[in-house]
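Q: Letter 145 of the sequence shown, counting from 1, is numbered 145 in UniProt numbering, and no numbers are missing. Even for Gly, the Cβ is constructed at its ideal location relative to N, Cα and C.
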Amino acid sequence: MKYRSLLILGLAGSLFSLSGSAANPDDCDHPFTHGSEYNPQQLRQVAKKCDQTEIADLFYNRAYHTELLQKFQVLNRLQSHQPNHDLTHYHTQRIFIALSEAFAKRAWERGETQAIGQLNRQYDRSIEIAEYQLKGYDVLAAQTRQAPATP
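See below:
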């Protein structure tokens, strides 16, 4: 009986600590502050609170992109029995988005309002490529990667 009550208290405490890890309410005003620290669920919570559609879309794109890359990693591990399997596609998408985020952050800080829209387009393109790769459409992924980006 004593252990059961300790278990219940432990579970209740962990639930409260999980709810305490929610995103900051001012993340919509500062979209480049904590985005990389949040998991997809937290990113979606932030997106729901944002009034500006472009910024909400940015947080939704971040969440979905993170999930796709996680799926790609899991699928890659399942398909390969070799520890040094090629993760080039995964790392390419990560680096591409990291660079896009860095450039957009600097542009946003300089007051360039179109930075969020451009970053959302980069996420859309990266998401499209990742979806093709997950479905096994490597040729389409390569064609999309080589096609010029729309400004």
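#1: Quick one: Cα of Asn120 to Cα of Lys135, how far?
#2: Within 10 angstroms of the Cβ of Glu109, are there 16 or more other Cβ atoms? Answer buried if so, exposed if not.
#3: Determine the direct distance from the alpha carbon of His91 to that of Ala38, and round the result to whole angstroms.
#4: If Ile97 and Ser126 are in contact, beta carbons under 8 Å, what's the gap, nearest whole angstrom?
#5: Note the first and the last residue of the continuous alpha helix (DSSP H) segment covering Gly117.
#6: Hey, out of Phe32, Ala63, Gln122 and Asp138, whose CA is closest to residue 200's CA?
#7: With distances taken between CB atoms, is the gap from Thr66 to Pro40 smaller than 7 Å?
#8: Can you tell me the Cα-Cα spacing of residue 158 and Asp27, whole angstroms?
A: Quick look at the numbers:
#1: C-alpha separation (whole angstroms): 22 Å.
#2: So Glu109 ends up on the exposed side.
#3: Note on identity: in this sequence residue 38 is Tyr, with Ala being the wrong assignment. Tyr38 and His91: Cα-Cα distance of roughly 19 Å.
#4: Between Ser126 and Ile97 the Cβ distance is about 6 Å, and since that is below 8 Å, they are a contact.
#5: Ala115 to Leu134
#6: In the structure as shown, the chain starts at 1 and stops at 151, and residue 200 therefore has no counterpart that could be examined.
#7: yes
#8: Any question about residue 158 goes unanswered here, given that the chain covers just 1 to 151.
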